[in-house]
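Numbering follows my numbering, with no gaps: position 78 of the sequence shown is 557.
All remarks here apply to the structure that follows.
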Amino acid sequence: MKRLPLAVLLAVFLGWLLWTVSVRQAALFAIGLGLGAVLAGQRFGFTTGWRILIEQKEASGVLGQLLLLALAAAMAMPLLGHYPELTAALGPPSVSLLVGAFVFGLCMQIADGCGSGTLYKAGMGIPMNTAVLPMFAIGSFLGSLHLGWWLDLGAMQPVGLVTTWGWQKALAATLGALALVAAGVVLYTRSANARAGHRQKPLFLRKWMLGAVLLALLATLNLVVAGQPWGVVYGFGLWAAKMAGATGAMDLSQNWFWSQPGNAARLHETVLLDVTSITNIGILGGALWISAGKPASAKALTGTQWIVALVAGLVLGYSSRLAFGCNVGAMFSGISTGSIHGWIWVPLAFIGTIFGLRIRRHFGM
Numbered sequence: 480m481k482r483l484p485l486a487v488l489l490a491v492f493l494g495w496l497l498w499t500v501s502v503r504q505a506a507l508f509a510i511g512l513g514l515g516a517v518l519a520g521q522r523f524g525f526t527t528g529w530r531i532l533i534e535q536k537e538a539s540g541v542l543g544q545l546l547l548l549a550l551a552a553a554m555a556m557p558l559l560g561h562y563p564e565l566t567a568a569l570g571p572p573s574v575s576l577l578v579g580a581f582v583f584g585l586c587m588q589i590a591d592g593c594g595s596g597t598l599y600k601a602g603m604g605i606p607m608n609t610a611v612l613p614m615f616a617i618g619s620f621l622g623s624l625h626l627g628w629w630l631d632l633g634a635m636q637p638v639g640l641v642t643t644w645g646w647q648k649a650l651a652a653t654l655g656a657l658a659l660v661a662a663g664v665v666l667y668t669r670s671a672n673a674r675a676g677h678r679q680k681p682l683f684l685r686k687w688m689l690g691a692v693l694l695a696l697l698a699t700l701n702l703v704v705a706g707q708p709w710g711v712v713y714g715f716g717l718w719a720a721k722m723a724g725a726t727g728a729m730d731l732s733q734n735w736f737w738s739q740p741g742n743a744a745r746l747h748e749t750v751l752l753d754v755t756s757i758t759n760i761g762i763l764g765g766a767l768w769i770s771a772g773k774p775a776s777a778k779a780l781t782g783t784q785w786i787v788a789l790v791a792g793l794v795l796g797y798s799s800r801l802a803f804g805c806n807v808g809a810m811f812s813g814i815s816t817g818s819i820h821g822w823i824w825v826p827l828a829f830i831g832t833i834f835g836l837r838i839r840r841h842f843g844m
């Protein structure tokens, strides 16, 4: 389908949401469209940024992500400090976080996408990511079924820097830590390229910088409109949970996760009322609009590669629930809103990524 008729369909759906659901949900769908268009248009991939840092000693992707975090924190933390009705993306430091973050970082390289990456690439019609998406949703749902057990292994109360220190100190500490990480990344890549005799690669590329600015603005709008930070994974798990409930495959009323009041209520509502789901639908639409009329280019996979990718997608979803989010919900939203669990998530996921890249190379993916 070409862009113009697709734009008309998206506009009609937006109008229908505005008329029959709510102004807020229509606004979140529009924000999702923007997020999907930016992610696909700039090919702003969290997974890719980490991969080119490790394999090509190129810092531009990670520096773009650090700029995104800094800009988002600079906008989100003052809002959280002045408007207590807004919530941060808090997750408890726990055994489940440690295991989930490592496994997620490993699997996202094999499946070639984190939560947002899988979503926007599926919207673009890339076959592997399109197939991985439902596996991701099933895995996220399975993770939610077992989350209570994982938390019983050991968990602390969530720690939010904004509520603990105030937004000014929280922001200063966050920006300082991000600057230190950026300096370390630059020193590492320059040293590695110098030792290998390679030409120094540009530190800043337009696609990463522009993507960071636009995503930070859209994520801040999402925080204001939704009352909570941008997330992806919860929507996937909810979709699978609703299917399990609708088909009678499982009674979720006694499950620790789905019996909690907020989650139980969402099971009985349309997904169009869930803020994460409606944004995810928008991301699919925005990515589809960017790719409209263009054939999806992707490497053909062997049977073994397909099996590996689908299993990785299932485990990716499971681990994302244990880790309280993906690169968006745990890393981006966690760090930018002052949650300690976001800072714990990053190094463990990065270590997992190193192992995931080895597996990816082993299977030629």
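C-beta: ideal position from N, C-alpha, C; glycine also.
Sequence-distant residues of its chain with Cβ nearer than 7 Å to residue i (five each side left out)
i	result
residue 679	669, 672
residue 660	545
residue 599	515, 518, 519, 762, 766
residue 822	814
residue 682	538, 539, 542, 665
residue 742	736
residue 497	505
residue 609	601
residue 633	573, 574
residue 489	512, 764, 768
residue 493	505, 508, 509
For residue i: DSSP bridge partner residues
i	result
residue 573	634
residue 639	818
Beta-carbon proximity of residue i to residue j, cut-off 7 Å
i	j	result
residue 808	residue 711	yes
residue 665	residue 538	yes
residue 697	residue 514	yes
residue 619	residue 528	no
residue 521	residue 686	yes
residue 553	residue 817	no
residue 615	residue 804	no
residue 593	residue 794	no
residue 771	residue 536	no
residue 801	residue 629	yes
residue 751	residue 487	no
residue 523	residue 806	no
residue 709	residue 812	yes
Endpoints, the alpha helix (DSSP H) within which residue i is located
i	result
residue 673	646–675
residue 760	754–770
residue 831	819–841
residue 599	594–602
residue 484	482–499
residue 701	685–705
residue 561	539–561
residue 721	712–725
residue 444	The question about residue 444 has no answer, for the chain in this structure spans 480 to 844.
residue 791	782–801
residue 749	Taken as a continuous stretch (DSSP letters only), residue 749 belongs to no alpha helix (DSSP H), as it is neither H nor E.
residue 528	525–535
residue 510	502–520
Residues of its chain near residue i, where Cβ-Cβ distance is below 6 Å and the 5 sequence neighbours each way are ignored
i	result
residue 422	One cannot answer for residue 422 here, as it falls past the ends of the chain, which runs 480 to 844.
residue 819	638
residue 635	571, 572
residue 707	566
residue 810	821, 824, 825
residue 798	579, 582, 583
residue 719	616, 617, 620
residue 845	Residue 845 is absent from the structure shown; the chain starts at 480 and stops at 844.
residue 532	541
Check: residue i C-beta below 6 Å from any heavy atom of the ligand SAH
i	result
residue 811	Among the components modelled here there is no ligand, and therefore nothing to report on the ligand SAH.
Cβ neighbours of residue i in the same chain (closer than 8 Å, five flanking residues each side left out)
i	result
residue 842	589, 783, 784, 787
residue 507	701, 704, 705, 754, 757, 758, 761
residue 654	549, 552, 553
residue 534	836
residue 721	746, 750
residue 675	536
residue 641	556, 559, 560, 567, 649, 816, 817
Do the stretch 821–834 and the stretch 616–634 touch if we need at least three Cβ pairs shorter than 8 Å?
No, the stretch 821–834 does not touch the stretch 616–634.
Review point. Do the stretch 596–612 and the stretch 756–771 touch if we need at least three Cβ pairs shorter than 8 Å?
Key: They touch, by the three-pair rule.
task: Would you check if there are 3 or more beta carbon pairs closer than 8 Å linking the stretch 548–555 to the stretch 647–659?
output: The stretch 548–555 makes contact with the stretch 647–659: 3 or more CB pairs, one atom from each, lie closer than 8 Å.
**Study point:** Cβ contact check for the stretch 700–707 and the stretch 555–570: 3 or more pairs under 8 Å
**Key:** Contact between the stretch 700–707 and the stretch 555–570 is established, with three or more Cβ pairs separated by less than 8 Å.
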